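**Student:** Below: one structure in structure tokens.
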């Protein structure tokens with residue numbers, strides 16, 4: 770089973786209150802040196818068999834039409850999940 | 770300015786209603802061949818200057834303590850955002 774990752778982030782000019790809340794909490798918890806946080810979405814699409822170019826094209830189209838709101842969000846990446854990521858996702862944290 | 774990406778996904782055994790809703794909508798919109806969808810979170814942390822190992826260690830710790838709920842979520846990746854991704858995030862969709 771292959772998997773495709775679609776990353777969606779708010780456009781840079783769109784306010785991100787969730788990210789700001791995280792950025793505000795980090796110094797209170799002792800994390801210094803992180804100046805900004807933006808929060809987005811990550812989709813993992815499972816496909817039958819190996820990931821083909823057709824699957825990727827379909828994922829790209831789904832990303833633009835269903836997985837993101839093009840008014841406020843950008844699809845920043847659509848790529849096949851490599852094996853190291855699959856094992857990380859299934860087991861130990863990175 | 771460097772940036773670090775933290776990817777957080779629900780653990781495989783945790784029900785993901787958002788992902789299921791997307792998976793249910795895909796065939797109705799004509800996307801076939803995608804058998805499952807899981808939705809997670811993607812954080813982009815901006816740091817001052819270049820991304821160092823210290824920044825990554827801090828991001829990893831923040832990922833485990835603030836950005837994810839370890840009861841239901843896994844931190845699947847913590848890595849520096851490379852330049853190609855930065856330009857993609859700033860401009861054209863991938």
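Chains as they are written, first to last, in this note's numbering: chain A, 770 to 863; chain B, 770 to 863.
Beta carbons: idealized from backbone N, C-alpha and C, even for Gly.
These numbers come from a predicted model, not from an experiment.
Could you check whether residue 813/A and residue 811/B sit closer than 8 Å to each other, using their CB atoms as the reference points?
**Tutor:** Not in contact: residue 811/B and residue 813/A (Cβ atoms no closer than 8 Å).
**Student:** Would you check if the distance between the CB atom of residue 804/A and the CB atom of residue 804/B is smaller than 8 Å?
**Tutor:** no
**Student:** Examine chain A for any beta-carbon lying closer than 8 Å to the beta-carbon of residue 802/B, and answer yes or no.
**Tutor:** Yes, residue 802/B lies at the interface with chain A (some Cβ there is under 8 Å from its Cβ).
**Student:** Contact criterion: CB-CB distance below 8 Å. Does residue 794/B meet it with respect to chain A?
**Tutor:** yes
**Student:** Count the other CB atoms within 10 Å of the CB of residue 819/B; is the residue buried (16 or more) or exposed (fewer)?
**Tutor:** exposed
**Student:** Alpha carbons only, please: which of 788/A, 842/A, 827/A and 785/A is nearest the one belonging to residue 772/A?
**Tutor:** 827/A
**Student:** Measure the C-alpha to C-alpha separation of residue 849/A and residue 824/A and round it to an integer number of angstroms.
**Tutor:** Their Cα atoms are separated by approximately 9 Å.
**Student:** Applying the 10 Å Cβ sphere with the 16-neighbour rule, what's the burial state of residue 822/B?
**Tutor:** exposed
**Student:** Nearest chain A C-beta to residue 719/B closer than 8 Å, yes or no?
**Tutor:** The requested residue 719/B does not occur in the structure, where chain B is confined to residues 770 to 863.
**Student:** On a CA-only basis, which of 785/A, 834/A, 777/A and 784/A is nearest residue 795/B? Give me that one, please.
**Tutor:** 834/A
**Student:** Taking just the CA atoms, how far does residue 841/A sit from residue 779/A?
**Tutor:** 6 Å
**Student:** Select from the region 800-825 of chain B all residues with a C-beta closer than 7 Å to any C-beta belonging to chain A, and list them in chain order.
**Tutor:** 800, 802, 803, 804, 805, 806, 807, 808, 809, 810, 811, 812, 813, 814, 815, 816, 817 and 824
**Student:** Exposed or buried, what is residue 851/B when buried is set at 16 or more other beta-carbons lying within 10 Å of its beta-carbon?
**Tutor:** Exposed, because fewer than 16 other Cβ atoms sit within 10 Å of the Cβ of residue 851/B.
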